[in-house]
Structure formats: structure tokens, C-alpha cells
Amino acid sequence: GAYPEEDLIGAYRVRYADGEETEVPVYYGTQVARWDVPYGERVDAVPYWADPVLAGQDGAGRRITLYSFEWVNPRPGEEVASVAVEYRGDEGGGLWLVGLERIEGAR
């Protein structure tokens with residue numbers, strides 16, 4: 001693949017209305033990083049395929065950062081029925097899908 005396997009922390013499993021599925025692998029350090037590092041502060045990994053997004057504050061009032069990762073749907077004409085998150089990383093970690101947005105056309 002394009003990324004080292006040891007950085008693979010999970011996947012988004014996309015299920016289409018016709019029953020077909022595709023897997024979108026998620027790699028730590030290229031598509032996601034720690035959410036609990038305040039926006040603008042130094043992080044241990046810089047996700048170069050995702051933009052940092054200031055996402056507000058956690059329950060303790062600390063600023064948190066999420067990452068906006070864009071995936072190109074290989075079947076743009078087919079309706080997406082569901083997206084499931086599969087975490088495959090170390091115990092104590094996690095992978096979340098906070099929101100989705102459909103973008104039409106080329107960027």
C-alpha cells in the first residue's frame with residue numbers, strides 16, 4: 001500500500017444501497033492524529049492528507065482538534081446506505097467519525 005501497515009488504525013466500511021461494500025483504510029499520522037492536542041499546538045504526527053479543524057472544547061474546557069479527511073467515492077452514482085467505523089489500533093485508543101459531508105464535483 002501507500003502507507004506503512006503499522007500506521008493502520010482502522011477503516012470506514014461504506015455500504016451502498018445495492019448491498020456492495022468498500023473499505024476506506026484510516027492511517028494514523030497521515031489521515032488522523034490525536035484529538036486532544038489543542039488546535040495550533042505541536043502534535044506527534046502531522047496528518048498530511050487531512051486538514052486540522054478547531055472543533056470546540058472538551059468537558060474540561062480544553063480546545064480540541066479534529067481532522068477533515070476527504071475520501072473520493074469510487075461509486076459516485078450509487079447511494080451510500082451506511083458508514084461503519086472499525087477501530088483496529090491499540091487498546092486505549094479509538095477512531096471516531098464525527099460528521100460526513102457530500103461534496104459534488106472535482107476539487
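Numbering-wise (my numbering), the sequence shown opens with residue 1 and increments by one. Yeah, the Cβ is synthetic: ideal placement off N, Cα and C, and Gly gets one too. As the structure is a computational prediction, the values presented were derived from the model and not from experiment.
> For Tyr-67 versus Pro-47, is the C-beta spacing smaller than 9 Å?
Replying inline: yes
> Mind pulling the alpha helix (DSSP H) runs of 4 or more residues that sit fully within the region 26-69?
Replying inline: Counting only runs of 4 or more, we get nothing.
> Taking the Cβ atom as the reference point for each residue, do Leu-95 and Glu-101 lie within a distance shorter than 9 Å?
Replying inline: no
> Going along the chain, which residues of its own chain have a beta-carbon closer than 6 Å to the beta-carbon of Gly-89, five neighbours each way excluded?
Replying inline: These residues qualify, in order along the chain: Ile-9.
> Given that a residue counts as buried once 16 or more other Cβ atoms are within 10 Å of its Cβ, and exposed if not, what is Gln-31?
Replying inline: buried
>> In whole angstroms, give me the CA-to-CA distance for Tyr-27 and Gly-77.
In response: 27 Å
> How about Ile-64 and Asp-36: are their beta carbons less than 9 Å apart?
Replying inline: yes
>> Just list the residues that DSSP pairs Leu-95 with in beta bridges.
In response: For Leu-95, which the question treats as bridged, DSSP gives no partner whatsoever.
> What are the start and end residues of the beta strand (DSSP E) that includes Trp-88?
Replying inline: According to the sequence shown, residue 88 is Arg rather than Trp. Taken as a continuous stretch (DSSP letters only), Arg-88 belongs to no beta strand (DSSP E), as it is neither H nor E.
>> Quick check on this structure: which residue in Gly-61, Val-53, Glu-104, Gly-92 has the alpha carbon closest to the alpha carbon of Val-112?
In response: Nothing can be reported for residue 112, as the shown portion of the chain is limited to 1 through 107.
> What are the start and end residues of the beta strand (DSSP E) that includes Gly-10?
Replying inline: 8-16
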